[in-house]
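Residue 160 in UniProt numbering is what sits at position 160 of the sequence shown, and the numbering runs on without skipping anything.
Data block below; observations after.
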Amino acid sequence: MTSIKTPNPITELALFHLKPSTDRATIRRELLSAAKVQALYSQYPTYLFAQIEDPSYIYLLGGWSSVSAHMDDWIPSSTNQSLFTSLKEKLDLVYMIHIGIDPAELGVFRLPTGRSGKIPMVDAPVITIGRYFLSTGQKEAFLNRFEKTQRHLDAYIAPKTLKGGMRVEPRDQTDDGVEKEEFVLFSGWGEVQDHLRFAKSSGLREFSQIKDFLEGTEIKHVSVWEN
């Protein structure tokens, strides 16, 4: 009997850049309204975060039942196209990626502390978004090393949490047409300085071994967009 493969739920991460002439209070209201519409459509919570390094960069974090539900159903829908038309004069889309993290596993974004004692991700004052660009053919080696060394980061940020996953379709490609591999990691912190202090800790020395399998990284800090 042939089994039918069920599409996997995914997490969406999109980055927008506000145009210089854009009024932040106005665009925040409009983006919050758009996020609510998306959440109603997708049936997954949708959040907005402002980058701490440069607050003109705004992140949207949401979930979908599948890549197709986002790309084939939502993106071309009249509802989304109407929202996009009203916003495109005020911001630019820098990137939009899908991550192989079940949004249900990102329940830490709103689940109560409960028995685990873990702090919901969205309640962390600062969240680090790390994009790790893997060298060609190094996916399994990277994941194995990350699994062996992430305990240092887990222990350092506890009771705050972390969650990571591989980027899924559509992915960037090399000039030769080979799909690039990327790992995205979310981690909660009390403040940016806590992350910088981890960078000087003994635990980082082992955790940083993941760099052996990377072409580059992009590490940014964000907080829930308040104003």
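The beta carbon of each residue, even a glycine, is placed where N, CA and C say it ideally should be.
All figures in this text were calculated on a predicted structure; none of them were measured in a lab.
Problem - Reference D72, options R29, E140 and S42, closest by Cα - result: Sorting R29, E140 and S42 by C-alpha distance to the C-alpha of D72 places S42 at the top.
Problem - Proximal residues to K118 (C-beta, below 6 Å), its chain only, five neighbours per side dropped - result: Closer than 6 Å at Cβ, skipping near neighbours: P159 and T161.
Problem - Cβ contact check for the region 20-38 and the region 72-84: 3 or more pairs under 8 Å - result: Result yes; three or more Cβ-Cβ pairs closer than 8 Å.
Practice task
Report buried or exposed for Q38, applying the criterion of at least 16 other Cβ atoms within 10 angstroms of its Cβ.
Solution key: A residue is called buried when at least 16 other Cβ atoms come within 10 angstroms of its Cβ; Q38 meets this threshold and is buried.
Problem - Closest by C-alpha distance to V184, when choosing among G165, S202 and F207 - result: Nearest option by C-alpha distance: G165.
Exercise for the section: Return helix, strand or coil for W225, following the three-state DSSP convention. Expected result: Reduced to three states, the DSSP call for W225 is coil.
Problem - Sub-9 Å separation of I97 and R167 beta-carbons - result: Against a cut-off of 9 Å, the Cβ pair of R167 and I97 comes out as a contact.
Problem - Three-pair Cβ contact test at 8 Å for the region 186-197 versus the region 168-176 - result: The region 186-197, when compared against the region 168-176, does not touch it at the 8 Å Cβ threshold.
Exercise for the section: Compute the Euclidean distance between the alpha carbons of T128 and D23, then round it to the nearest angstrom. Expected result: Roughly 26 Å between the two C-alpha positions.
Problem - Contact under 9 Å by Cβ, V222 with I101 - result: Contact annotation: V222 and I101 have beta-carbon atoms that are not nearer than 9 Å.
Practice task
Have a look at A155, Y132 and N227 and flag the residue whose alpha-carbon is nearest the alpha-carbon of E182.
Solution key: The shortest C-alpha separation from E182 is found at Y132.
Exercise for the section: Using beta-carbon positions only, say whether E12 and L87 come within less than 9 Å of one another. Expected result: Contact flag unset, no.
Practice task
Return helix, strand or coil for G114, following the three-state DSSP convention.
Solution key: Because the pLDDT of G114 is 45, which lies under 50, any placement of that residue in the model is unreliable, and the number read from its coordinates should be weighed accordingly. The answer is coil: DSSP assigns G114 none of H, G, I, E or B.
Practice task
Check whether the Cβ atoms of F142 and L93 sit closer than 9 Å, and answer yes or no.
Solution key: Using a Cβ distance threshold of 9 Å, F142 and L93 do not count as a contacting pair.
Practice task
Quick one: grab the DSSP three-state call for E182.
Solution key: For E182, the secondary structure class from DSSP, reduced to helix, strand or coil, is strand.
Exercise for the section: Please classify P112: is it buried, with 16 or more other beta-carbons within 10 angstroms of its beta-carbon, or exposed? Expected result: Only weak support exists for where P112 lies, its pLDDT of 46 falling under 50; the coordinates are left without a value.
Exercise for the section: Measure the C-alpha to C-alpha separation of S135 and E226 and round it to an integer number of angstroms. Expected result: S135 and E226 have their C-alpha atoms some 37 Å from each other.
Problem - Other residues of its chain near K19: CB distance less than 8 Å, five sequence neighbours each side excluded - result: Result list for K19: E89, K90, L91 and D92, in chain order.
Practice task
Closer than 8 Å by C-beta to S66: which residues in its own chain qualify, once you throw out the five before and the five after it? Chain order, please.
Solution key: Here the set comprises P7, N8, P9 and I10.
Practice task
Could you tell me whether any non-hydrogen atom of the ligand FAD is closer than 8 Å to the CB of D23?
Solution key: Absent from the structure shown: the ligand FAD. Ligands present: none.
Exercise for the section: At 4 residues or longer, and completely inside the region 19-95: list those alpha helix (DSSP H) runs for me, N to C. Expected result: DSSP runs (the alpha helix (DSSP H)) wholly in the region 19-95: 24-42 and 78-87.
Handout entry: DSSP-derived helix/strand/coil call for residue 314
Key = There is no way to answer for residue 314, as the model of the chain reaches only from 1 to 227.
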